[in-house]
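J.:
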Amino acid sequence: MAKSRVQFICQNCGSVHQRWAGKCDACGEWNTLVEEGTAGGIGSGPVNTRNARKGRAVVLTSLSGDIEDAPRIVSGIGELDRATGGGFVRGSALLVGGDPGIGKSTLLTQAAAALASKGHRIVYVSGEEAVAQIRLRAQRLGVASTPVELAAETNVEDILATISDGKRPDLVILDSIQTLWTDLADSAPGTVTQVRAAAQAMIRYAKSTGAAIVLVGHVTKEGQIAGPRVVEHMVDGVLYFEGEGNHHFRILRTVKNRFGPTDEIGVFEMSDKGLREVANPSELFLGERHAKSPGAAVFAGMEGTRPVLVEIQALVAPSSLGTPRRAVVGWDGARLSMVLAVLEAHCGVRFGQHDVYLNVAGGYRISEPAADLAVAAALVSSLTGLALPADCVYFGEISLSGAVRPVAHAQQRLKEAEKLGFGSAVLPLGSEEVVGGNGAGGIAAGAFQPTELSDLVARIAGSPRSRADEGE
Ligand code: TYD
Ligand code: MG
């Protein structure tokens, strides 16, 4: 006879234990084991009747009729659909995180409006703002007349009762998860227990009905969505909405996606009428360029499947400090130290008496090592006071030995550069098939392919103005 089996599940890592313990063996967290039955229709274990609720009647239907909807709901906002991997997936939960005030509610209001006007049933539940505030935003966005269904509510049971009424919604937006609370947990809204319980209830709803849900989450000061990662691994996808305070552009970055690629970004610009799509981000990040100033190099980077051109600015100035300053915005500080060390050790360029400042234009963040070459070019250019050619792009990784190493997607990077009017490129050797091939015709003629970083340094230092000036 099957014995009623009770399991203890760690609420932090999800591992299953047969016996209760104060500490989870798997993840080492304390007080996270909670007794759970195997109810829910998954598995064959006996149902724990303690949490059982009265069943709800489902509508019986006939064999003929509409065929199952498409698995994805496409908003038509290209940059958003790109980040979600082709639209919101039915029956899935998506978390949209970001700093307060970055534009999460704006983005989702626009998405809701776009979807609702296509005939989808969209429910927008706000726990943070009153209905009047949301209406005001909708007016500002010019979408007040779209049939989005709106509620200001924070109790999960009430929300579920509301959305279960009538036709199943295609998309439910919960803004934000931190304000939700459920009767089943007795801690305050915003606590880990409440956030987890509320998210769980909503995810269960999504899975059982096939509605897509979007949870909005504020990022805490430490850069995490509260509570600590719990929601992140409960949901099917995580998008971060980021941007720099005094720049207007916003990047929607895919961090996790069970149904699509994770390295995509969507780029938006915040205007007075809401978020505007930026289909060509390169133009945005290159917008502030001054052609003739030393210390600026254009990096041909990749974001997911998309090439992005961005200007890298370096300022190398004599230092009055014993330990010169190194400051980086938008790139990895350790990586800068490495490039400086390689320049010193293999190219005879000395930075020991100089402060070094590095900035990526437009508040953009680069994570690719392919930016090494552009950074090195900008540094040498600033130190020597010799401006780099304005129509040249740079990419390539630098190894500790001073060699320039090839990087992926050379062809796409060159194509993008050519599209934006660049006439030459500095890139690693080993991309010949690209340069020789049909990929990027015009720019290939102007390509310089150093094997060693010192080749590039010599080329910059030997450029028109003077060569005696600096080898240093
Ligand atoms: P919001 O979507 O409320 O941010 P979040 O939900 O992430 O907290 O956006 C708030 C900011 O966006 C606010 O500073 C005002 C600005 N904004 C615009 O610049 N233009 C607009 O059309 C809208 C609706 C907001
Ligand atoms: Mg908001």
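Reminder that position 142 of the sequence shown reads as 142 in full-length UniProt numbering, one-by-one numbering, no gaps. Glycine residues also receive a C-beta, built at the ideal position from the N, C-alpha and C atoms.
Could you tell me whether the Cβ of residue 455 comes closer than 8 Å to any Cβ of chain D?
T.: In the structure shown, chain D cannot be found, because there is only a single protein chain.
J.: For residue 126 and residue 84, I'd like the C-alpha separation in whole angstroms.
T.: For residue 126 and residue 84, the distance between alpha carbons rounds to 22 Å.
J.: Where does residue 353 fall in DSSP's three states?
T.: coil
J.: Collect the residues with a C-beta less than 6 Å away from any heavy atom of the ligand TYD and give them in sequence order along the chain.
T.: 98, 100, 101, 102, 103, 104, 105, 106, 137, 140, 141, 270, 272, 273, 274
J.: In three-state terms, what does DSSP make of residue 254?
T.: In this structure, residue 254 counts as strand in the three-state DSSP scheme.
J.: Hey, is the stretch 326-338 in contact with the stretch 296-306, meaning 3+ C-beta pairs nearer than 8 Å?
T.: no
J.: Report whether the distance from the Cβ of residue 158 to the nearest heavy atom of the ligand MG is below 7 Å.
T.: no
J.: Would you say the beta carbon of residue 368 comes nearer than 7 Å to a heavy atom of the ligand MG?
T.: no
J.: Can you check which of these residues, 274, 266, 252, 217, is closest to residue 143 by C-alpha distance?
T.: Ranking the options by Cα distance to residue 143, first place goes to 274.
J.: Does the beta carbon of residue 242 fall short of 7 Å from some heavy atom of the ligand MG?
T.: no
J.: So what does residue 16 bridge to, in DSSP terms?
T.: Bridge partners of residue 16: 9.
J.: Under 8 Å, do residue 252 and residue 316 count as touching if we go by C-beta distance?
T.: No; because the gap between Cβ atoms is not below 8 Å, this pair is not in contact.
J.: For residue 234, report the span of its beta strand (DSSP E) as first-last.
T.: That residue, residue 234, is in no beta strand (DSSP E); it is neither H nor E in DSSP.
J.: Classify residue 175 as helix, strand or coil using the three-state DSSP reduction.
T.: It is a strand residue.
J.: Can you check which of these residues, 106, 10, 351, 459, is closest to residue 321 by C-alpha distance?
T.: 351
J.: Taking just the CA atoms, how far does residue 175 sit from residue 213?
T.: 11 Å
J.: Under the criterion of a Cβ to heavy atom distance below 7 Å, does residue 153 qualify as lining the ligand MG?
T.: Every heavy atom of the ligand MG is 7 Å or more from the Cβ of residue 153, so no.
J.: Which residues in the same chain have their Cβ closer than 7 Å to the Cβ of residue 454, if we skip the five residues on either side of it in sequence?
T.: Beyond the five residues adjoining it in sequence on each side, residue 454 comes within less than 7 Å, by CB distance, of 346, 347, 402 in the same chain, given in chain order.
J.: Does the beta carbon of residue 372 fall short of 7 Å from some heavy atom of the ligand MG?
T.: no
J.: Rounded to whole angstroms, what is the Cα-Cα separation between residue 249 and residue 109?
T.: 18 Å
J.: Since I believe residue 180 is in contact with residue 198 (beta carbons under 8 Å), could you give me their beta-carbon distance rounded to a whole number of angstroms?
T.: About 4 Å separates the two Cβ atoms, so the contact holds.
J.: Starting from the N-terminal side, write out each stretch of the alpha helix (DSSP H) that is 4 residues or longer and does not extend beyond the stretch 331-390.
T.: Within the stretch 331-390, the complete alpha helix (DSSP H) runs of at least 4 residues are 333-347, 372-384.
J.: Specify the secondary structure class of residue 107 as computed by DSSP and reduced to three states.
T.: helix
J.: Mind checking residue 62: buried by the 16 CB within 10 Å criterion, or exposed?
T.: Exposed is the call here.
J.: I want to check one thing, is the minimum distance from the CB of residue 263 to the heavy atoms of the ligand MG below 7 Å?
T.: no
J.: Where do the ends of the beta strand (DSSP E) carrying residue 136 lie?
T.: First-last for residue 136: 131-141, but that is the alpha helix (DSSP H), not the beta strand (DSSP E).
J.: Taking 7 Å as the cut-off, is the CB of residue 79 close to at least one heavy atom of the ligand MG?
T.: no
J.: Skipping 5 residues on each side, what residues in its chain have a beta carbon closer than 8 Å to that of residue 94?
T.: 84, 88, 212, 213, 214, 215, 235, 236, 237, 238, 239
J.: Sorted by chain position, which residues of the same chain lie with C-beta nearer than 8 Å to residue 188's C-beta, five sequence neighbours on each side aside?
T.: 181, 194
J.: Could you tell me the distance, in whole angstroms, from the CA atom of residue 75 to the CA atom of residue 232?
T.: 23 Å
J.: Return helix, strand or coil for residue 217, following the three-state DSSP convention.
T.: Residue 217 sits in a strand when the DSSP states are folded into three classes.
J.: From the DSSP output, which residues share a beta bridge with residue 242?
T.: 251
J.: Compute the Euclidean distance between the alpha carbons of residue 124 and residue 145, then round it to the nearest angstrom.
T.: Going from the Cα of residue 124 to the Cα of residue 145 covers about 14 Å.
J.: With 16 as the cutoff for other CB atoms within 10 Å, does residue 204 come out buried or exposed?
T.: Exposed, because fewer than 16 other Cβ atoms sit within 10 Å of the Cβ of residue 204.
J.: Given this structure, state the Cα-to-Cα distance separating residue 355 from residue 318, to the nearest angstrom.
T.: 6 Å
J.: Just confirm the distance between the C-beta atoms of residue 427 and residue 447, as a whole number of angstroms; I'd bet it's less than 8 Å.
T.: Right, the Cβ-Cβ distance comes to about 6 Å (below 8 Å), so this counts as a contact.
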